[in-house]
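Q: 17 is the number that the working numbering gives to position 17 of the sequence shown; each next residue is one higher, with no gaps. In this text, a Cβ means the ideal position worked out from N, Cα and C, and glycines have one as well.
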Amino acid sequence: FPVTINLVGKMSNYNGFTKKEGVLNVSLERSIWDGEGRWLVGYEFAKFTNTTYSNNGAYNSLLENDVKLGKIVGLGTAHISMFQVGFVYDTRNLETDPSNGYFMEITHENSNKLWGSGYTFNFYIKAFISIIFQCRNCH
1 FPVTINLVGK MSNYNGFTKK EGVLNVSLER SIWDGEGRWL VGYEFAKFTN
51 TTYSNNGAYN SLLENDVKLG KIVGLGTAHI SMFQVGFVYD TRNLETDPSN
101 GYFMEITHEN SNKLWGSGYT FNFYIKAFIS IIFQCRNCH
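1. Taking the runs of the beta strand (DSSP E) that are 3 residues or longer, which of them lie wholly in the stretch 32-106?
2. Throw me the rounded Cβ distance for the Ser-61 and Thr-52 pair, which I believe falls under 8 Å.
3. Here's the rule: buried if 16 or more other CB atoms are within 10 angstroms of the residue's CB, otherwise exposed. What is Ser-99?
4. Using 10 angstroms around the beta-carbon of Ser-111, count the other beta-carbons present and answer buried if the total reaches 16, otherwise exposed.
5. Checking the sheet assignment: what are the DSSP bridge partners for Gly-22?
Now the structure itself:
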């Protein structure tokens with residue numbers, strides 16, 4: 001979605017860009033502990049396009065400036081091929097709208113040009129922990 005910060009004229013889209021993305025994600029999971037724990041292994045392929053509103057250089061763009069300075073990569077069309085392995089611990093009482101329980105996910109994601117990715121990177125540990133509780137008639 002475009003992001004704009006109250007700029008006008010040629011600067012009105014300085015911080016803006018559009019991202020289009022298609023993703024294919026395949027995973028195998030093995031449940032343990034009566035379904036509260038899950039080991040997983042998977043593969044993800046994503047194709048994305050990032051474009052700015054610079055009108056072929058007629059307007060200034062933060063994203064294009066950062067690419068030219070070598071600060072970031074990823075402008076234009078690219079793809080990512082990534083393998084994943086991880087563990088999930090989930091005690092929530094209802095996944096779509098929980099009122100109590102815990103959710104924790106730890107994964108390792110690896111993308112490499114050797115298996116067709118446009119970029120090589122690792123997310124060694126990505127952890128997400130959520131504690132959910134509900135209090136009725138709390139004062």
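A: Short version:
1. Runs of the beta strand (DSSP E) inside the stretch 32-106: 37-52, 76-90.
2. As a working mapping, residue 61 is identified with position 61 in the sequence shown. As a working mapping, residue 52 is identified with position 52 in the sequence shown. That belief holds up - the Cβ atoms of Ser-61 and Thr-52 are roughly 4 Å apart, short of 8 Å.
3. Counted from its first residue, the sequence shown places residue 99 at position 99. That one is exposed.
4. Mapped onto the sequence shown, residue 111 falls at position 111. By the neighbour-count criterion, in which a residue is buried when 16 or more other Cβ atoms sit within 10 angstroms of its Cβ, Ser-111 is buried.
5. Here the question's residue 22 lines up with position 22 in the sequence shown. Answer by DSSP bridge pairing, in chain order: Lys-47.
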